[in-house]
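Structure representation (structure tokens):
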């Protein structure tokens, strides 16, 4: 069984040093667990992040022979969104503009390393 | 030869030089939001698939969505694949796309943004006038 509170403790560790929000979304884009200032903010990030990933994945499917996009960084004037997948879910980090891409990549890689195995086990047991 | 075609040649030369200057940069394209290529340069080994207009039109859609995040206007998008990384700039009304090897230096590619923005503005003005 998934324990959102336990996942939240892990996500919380990455939500520092300019990272404003960290979210774990299911394949439909609904938040499973998140750390953000407000619920409203988290819902907006989740909806748009999921749309961005799906649009980009569909649009670039024919472009590459490999298994598609692995990591996506969307830079806006007042913040940066970093997206990747973990197990069959989506991991999303939202940071202040001064946070470098390398830091976001390192944080999301660390989260993926930590969450991949337990989430895959849960998903296998569910299906 | 008129002024605009002179400028076209100059810009093509600049793009070709950029490909030669930046390590592991495979291709660079400047398109409008419909994917119509205005300037393009690539190395000989670049697979034609990565030069398809779909990459620009996808970016245009993603950029519009990202601008609704509440983080103001989208500036750029960096995507990592197994073999390539793609850096795209929102140089409205144009889109600049850089395709490089997956292990090339992303920071260097992103630092070209301001330089390329000026060129995009120039191209946008000329194409608008014509």
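Chains as they are written, first to last, in the UniProt record's numbering: chain A, 1 to 127; chain B, 1 to 130. Using N, Cα and C, we set each Cβ at its ideal position, and we do this for glycine too.
If you measure from the beta carbon of residue i to each beta carbon in chain B, is any gap under 8 Å?
| i | result |
| --- | --- |
| residue 99/A | no |
| residue 34/A | no |
| residue 76/A | yes |
| residue 81/A | yes |
| residue 62/A | yes |
| residue 29/A | no |
| residue 69/A | yes |
| residue 73/A | yes |
Under a CB-based cut-off of 8 Å, is residue i close to chain A?
| i | result |
| --- | --- |
| residue 36/B | no |
| residue 17/B | no |
| residue 70/B | yes |
| residue 106/B | yes |
| residue 111/B | no |
Taking buried to mean at least 16 other C-beta atoms within 10 Å of its own C-beta, is residue i buried or exposed?
| i | result |
| --- | --- |
| residue 49/A | buried |
| residue 14/A | buried |
| residue 122/B | exposed |
| residue 88/B | buried |
| residue 91/B | buried |
| residue 102/A | exposed |
| residue 96/A | exposed |
| residue 20/B | exposed |
| residue 110/A | exposed |
| residue 43/B | exposed |
| residue 22/A | buried |
| residue 26/B | buried |
Whole-angstrom Cβ separation of residue i and residue j, contact assumed at under 8 Å?
| i | j | result |
| --- | --- | --- |
| residue 100/B | residue 112/B | Not a contact, Cβ separation roughly 11 Å. |
| residue 24/A | residue 89/A | 6 Å |
| residue 30/B | residue 96/B | 5 Å |
Give me the Cα-Cα distance between residue i and residue j, rounded to the nearest whole angstrom.
| i | j | result |
| --- | --- | --- |
| residue 77/A | residue 73/B | 6 Å |
| residue 56/A | residue 35/B | 15 Å |
| residue 93/B | residue 33/B | 7 Å |
| residue 52/A | residue 107/A | 20 Å |
| residue 79/B | residue 105/B | 13 Å |
| residue 28/B | residue 73/A | 19 Å |
| residue 117/B | residue 36/A | 34 Å |
| residue 118/A | residue 41/B | 45 Å |
| residue 64/B | residue 22/B | 29 Å |
Do you know whose CA, among the options, lies nearest residue i's CA?
| i | options | result |
| --- | --- | --- |
| residue 2/A | 32/A, 15/A, 9/A, 16/A | 32/A |
| residue 87/A | 100/A, 67/A, 27/A | 27/A |
| residue 30/A | 116/A, 99/A, 45/A | 45/A |
| residue 61/A | 103/B, 90/B, 50/B, 124/B | 50/B |
| residue 114/B | 38/B, 76/B, 22/B, 44/B | 76/B |
| residue 80/A | 16/B, 43/B, 66/B | 66/B |
| residue 75/A | 119/A, 41/A, 112/A, 98/A | 98/A |
| residue 63/A | 44/B, 40/B, 81/B | 81/B |
| residue 34/A | 54/A, 5/A, 59/A, 113/A | 5/A |
| residue 83/B | 69/B, 102/B, 48/B | 102/B |
| residue 165/B | 98/B, 128/B, 126/B, 57/B | The first residue shown for chain B is 1 and the last is 130, placing residue 165/B beyond what the model contains. |
| residue 7/A | 124/A, 125/A, 116/A | 116/A |
| residue 85/A | 93/A, 70/A, 94/A | 70/A |
Is there at least one non-hydrogen atom of the ligand ADP closer than 7 Å to the beta-carbon of residue i?
| i | result |
| --- | --- |
| residue 1/A | The model depicted lacks the ligand ADP and carries no ligand whatsoever. |
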